[in-house]
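Take 1 as the starting number for the sequence shown in full-length UniProt numbering and just add one per residue.
To start, the structure itself, in structure tokens.
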Amino acid sequence: MVLRLSAWGIFLLGAVGLLIYSTLLQTGHIRAGMFCFYTNLSNLLVLVYELALAIAAGLPHSAALRLLTGSTLSFSMALCILVTHLVYQFVLVPDAKRNGKRFADFGASFGNLCVHYLTPLLVVAQWLLLADKSSLGWRSALWWLTLPLAYFAFAMLRGRSGKPIGHTHLVYPYPFLDLPRLGWRKFTGYVMGMLLSFFLLGYGMMWLGRLVGTPLA
Numbered sequence: 001m002v003l004r005l006s007a008w009g010i011f012l013l014g015a016v017g018l019l020i021y022s023t024l025l026q027t028g029h030i031r032a033g034m035f036c037f038y039t040n041l042s043n044l045l046v047l048v049y050e051l052a053l054a055i056a057a058g059l060p061h062s063a064a065l066r067l068l069t070g071s072t073l074s075f076s077m078a079l080c081i082l083v084t085h086l087v088y089q090f091v092l093v094p095d096a097k098r099n100g101k102r103f104a105d106f107g108a109s110f111g112n113l114c115v116h117y118l119t120p121l122l123v124v125a126q127w128l129l130l131a132d133k134s135s136l137g138w139r140s141a142l143w144w145l146t147l148p149l150a151y152f153a154f155a156m157l158r159g160r161s162g163k164p165i166g167h168t169h170l171v172y173p174y175p176f177l178d179l180p181r182l183g184w185r186k187f188t189g190y191v192m193g194m195l196l197s198f199f200l201l202g203y204g205m206m207w208l209g210r211l212v213g214t215p216l217a
């Protein structure tokens with residue numbers, strides 16, 4: 001019951017937040033190029049996962065519930081969205097301030113608060129308190145890296161087109177992926193550093209999960 005309620009709560013809050021952040025509710029249309037950004041794709045992925053989890057939680061002992069609550073999948077979802085929060089808070093915000101940019105068009109909006117803070121932290125809390133962590137191992141930390149790696153491949157292939165994203169001047173969605181501007185040396189350093197950080201984050205999360213122990217429900 002607790003798992004089902006948490007899934008519905010996160011889904012509803014996240015859906016409202018993403019809709020506001022997309023400007024759909026304000027303007028009647030989604031921002032052009034919105035789903036070129038990891039933030040929005042990770043939030044959308046988590047929404048699909050939470051909706052499926054909320055429905056499956058009403059079907060005890062079902063194969064769908066076993067799949068969705070399995071150690072590796074729930075772990076991957078938590079880490080996928082946690083990266084959204086960490087990169088935003090500790091990479092993008094400081095970069096914007098250093099460069100004197102107007103920090104995010106939606107910086108003070110409820111949508112921004114949801115996609116970068118509330119949804120990520122609630123999903124992580126759900127994983128820590130309610131998910132099965134019994135079968136997590138080193139392969140889990142490797143498996144979850146497929147999500148950011150898949151996004152990296154998408155962003156780089158899209159950047160090669162040379163077309164700006166939506167109504168922005170950006171060809172690459174994030175400054176640390178802008179290969180032509182950075183050059184190979186800086187670009188490789190950024191990418192390898194982030195990949196190593198994500199890998200270590202996975203192990204840190206596994207350690208924390210084992211410290212918390214068995215799920216409450």
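Yeah, the Cβ is synthetic: ideal placement off N, Cα and C, and Gly gets one too.
Since we're looking at a predicted model, the values are computed, not measured.
In this structure, how does DSSP classify Y21 when only helix, strand and coil are distinguished? As a first step, residue 21 is located in the sequence shown; it is residue number 21 there, counting from the start. Residue state, collapsed to three classes: helix.
The alpha helix (DSSP H) spanning M156 covers which residue range? The residue labelled residue 156 in the question sits at position 156 within the sequence shown. First-last of the alpha helix (DSSP H) with M156: 146-159.
In this structure, how does DSSP classify A57 when only helix, strand and coil are distinguished? By 1-based counting over the sequence shown, the position of residue 57 is 57. Correct three-state label for A57: coil.
Neighbourhood of R210 by C-beta, 8 Å cutoff - its chain only, sequence neighbours within 5 removed: Within the sequence shown, residue 210 is the residue found at index 210, counting from 1. K133, L136.
Rounded distance between the beta-carbons of L182 and Y190, thought under 8 Å: For this step, residue 190 is matched to residue 190 along the sequence shown. For this step, residue 182 is matched to residue 182 along the sequence shown. Indeed, because the Cβ distance is near 7 Å, the residues count as touching under 8 Å.
Tell me which same chain residues have a C-beta within less than 7 Å of the C-beta of D105, skipping the five on either side of it? One-based indexing of the sequence shown puts residue 105 at position 105. Since pLDDT at D105 reaches only 46, below the 50 mark, its modelled position is unreliable, and the value read off the structure follows with that caveat. Taken in chain order, the list of residues that qualify is empty.
Using C-beta distances below 6 Å, list every residue in its chain close to I81, excluding the 5 sequence neighbours before and after it, in chain order. Taking the first residue of the sequence shown as position 1, residue 81 is located at position 81. So the list reads S42, V46, P120, V123, once near-sequence residues are dropped.
Where does I10 sit, in a helix, a strand or coil, going by DSSP? The sequence position of residue 10 within the sequence shown is 10, counting from 1. I10 falls in the helix class under three-state DSSP.
Considering only C-alpha positions, which residue in the set S76, Y151, V87 is nearest to C36? The residue given as residue 36 occupies position 36 in the sequence shown. It is Y151.
Pair within 8 Å by beta-carbon distance, V115 and T27: Locating residue 115 in the sequence shown gives position 115, counting from the first residue. Locating residue 27 in the sequence shown gives position 27, counting from the first residue. No, Cβ-Cβ distance for V115 and T27 is not below 8 Å.
Note down the Cα distance separating E50 from F154, rounded to an integer number of angstroms. As a first step, residue 50 must be located in the sequence shown, where it is residue number 50. As a first step, residue 154 must be located in the sequence shown, where it is residue number 154. Whole-angstrom Cα-Cα distance: 24 Å.
Kindly indicate which residue of M205, H167, N112, T188 has the alpha-carbon position closest to the one of residue 219. In this structure the chain extends from 1 to 217, so residue 219 is not present and cannot be described.
Secondary structure of N112, DSSP reduced to three states: As a working mapping, residue 112 is identified with position 112 in the sequence shown. If DSSP states are grouped into helix, strand and coil, N112 belongs with the helices.
Does the distance from the CB of residue 223 to the CB of A125 come in under 8 Å? Any property of residue 223 remains undetermined from this structure, which presents the chain solely from 1 to 217.
Three-state class that DSSP yields for N40 in the structure shown: In the sequence shown, residue 40 corresponds to position 40, counting from 1. Correct three-state label for N40: helix.
In terms of alpha-carbon separation, which member of F110, P180, V171 lies closest to I20? Locating residue 20 in the sequence shown gives position 20, counting from the first residue. Cα-wise, what sits closest to I20 is F110.
So the alpha helix (DSSP H) G189 belongs to, where does it begin and stop? The residue given as residue 189 occupies position 189 in the sequence shown. Unbroken alpha helix (DSSP H) run through G189: 179-212.
Ends of the alpha helix (DSSP H) at P94? Numbered from 1 along the sequence shown, position 94 holds the residue referred to as residue 94. 93-98 is the extent of the alpha helix (DSSP H) around P94.
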